[in-house]
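In this note's numbering, each residue's number is its place in the sequence shown (first place is 1) plus 6.
Okay, so here's the structure we're looking at.
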Amino acid sequence: MIRYNRFLVHTLTSLIALLLTGNALSNEVLVPHVAEYKVKISVLGGTMRTQVFDVGDAYMARSVISPTGFASMFMDGSIVEQSEFVVDEDVLRPRHYESIDTLSKEKTTISFDFDWQDRKVTGVINEQDFAFTIGGLLHDRVSIQYQLMQNLRNGKDAGQYAMLDGDELKRLKVTNIGTRRIKVPFGRFDAVGIQHQADDSSRVSTLWCVRELGYLPIVIEQHKDGKLRVQAVLTDYRELPAATDVNAAK
Numbered sequence: 007m008i009r010y011n012r013f014l015v016h017t018l019t020s021l022i023a024l025l026l027t028g029n030a031l032s033n034e035v036l037v038p039h040v041a042e043y044k045v046k047i048s049v050l051g052g053t054m055r056t057q058v059f060d061v062g063d064a065y066m067a068r069s070v071i072s073p074t075g076f077a078s079m080f081m082d083g084s085i086v087e088q089s090e091f092v093v094d095e096d097v098l099r100p101r102h103y104e105s106i107d108t109l110s111k112e113k114t115t116i117s118f119d120f121d122w123q124d125r126k127v128t129g130v131i132n133e134q135d136f137a138f139t140i141g142g143l144l145h146d147r148v149s150i151q152y153q154l155m156q157n158l159r160n161g162k163d164a165g166q167y168a169m170l171d172g173d174e175l176k177r178l179k180v181t182n183i184g185t186r187r188i189k190v191p192f193g194r195f196d197a198v199g200i201q202h203q204a205d206d207s208s209r210v211s212t213l214w215c216v217r218e219l220g221y222l223p224i225v226i227e228q229h230k231d232g233k234l235r236v237q238a239v240l241t242d243y244r245e246l247p248a249a250t251d252v253n254a255a256k
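See below:
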């Protein structure tokens, strides 16, 4: 089984480009935007940039994680993930997912295509063919994050989800842990905590989401065995013009 020991792999379930942003009363399902986070893993630091684009009949979400400061002296590379998905009556269905990890010790490249009509996922993991049968609603590691945000907008804050993480199917349980006043570099907000954990996992991830920003996570945390291992805080956010070119914004 391919497993990812990278510094936000379990916190962003998804991470990751997990931002439903803009005015909460907007008729838009998603508002094109870019958000910046400061990431801390123990004594090491990094940055995460997430972006959402309107690509016509679908949306594309992308996240890029890079080391900074002391970490960049002995860690080279980045983790780039992106998902293209459609929104059907508040249900997000991924069409294509890809990930390029040049930061982790084990370099990984993934490309998946989701065929909802034939109920299957096909693709490649490190040049090895991959196939998976879709048994129900299934997300990739990016689209799951936006599904959780969309559900918050619709008043749903708990449930069970299925996510494809590399060649591994994970079952996630999501719960609401209440509200908290939180200050981050981007400002001070009342945030609702959404916590999720995969079956048989000691890792617990929490997204502190803000209604005024369309349930954008302003803090993302991961605990393992009760100890805080990873934290990301929002440092900047801005909306993008609807016609922003995806390639030009890289």
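Even glycine gets a Cβ: it sits at the ideal position worked out from N, Cα and C.
Limits of the unbroken beta strand (DSSP E) element including residue i
i: residue 170; result: 165-171
i: residue 90; result: 85-94
i: residue 213; result: 209-216
i: residue 132; result: First-last for residue 132: undefined, no H or E at that position.
i: residue 205; result: It is not in any beta strand (DSSP E) - residue 205 carries neither H nor E in the DSSP assignment.
i: residue 59; result: 50-60
i: residue 190; result: 174-190
Straight-line Cα distance separating residue j from residue i
i: residue 52; j: residue 134; result: 30 Å
i: residue 246; j: residue 38; result: 5 Å
i: residue 151; j: residue 99; result: 12 Å
i: residue 158; j: residue 54; result: 23 Å
i: residue 207; j: residue 104; result: 24 Å
i: residue 185; j: residue 244; result: 24 Å
Coil, strand or helix - residue i by DSSP
i: residue 156; result: helix
i: residue 234; result: strand
i: residue 144; result: coil
i: residue 110; result: coil
Whether residue i touches residue j by CB criterion (8 Å)
i: residue 89; j: residue 148; result: yes
i: residue 242; j: residue 156; result: no
i: residue 224; j: residue 198; result: no
i: residue 280; j: residue 234; result: The requested residue 280 does not occur in the structure, where the chain is confined to residues 7 to 256.
i: residue 93; j: residue 101; result: no
Sequence-distant residues of its chain with Cβ nearer than 7 Å to residue i (five each side left out)
i: residue 15; result: Note that residue 15 scores a pLDDT of 39, beneath 50, so its modelled location is shaky and nothing firm can be said.
i: residue 84; result: 70, 71, 72, 108, 109
i: residue 204; result: 176, 177, 178
Cβ-based neighbour list, residue i, same chain, cut-off 6 Å, excluding 5 preceding and 5 following
i: residue 60; result: 38, 248
i: residue 181; result: 164, 201
Cutoff 8 Å: residue i Cβ touching any chain C Cβ
i: residue 148; result: Considering every chain present, this structure includes no chain C. It has just one protein chain.
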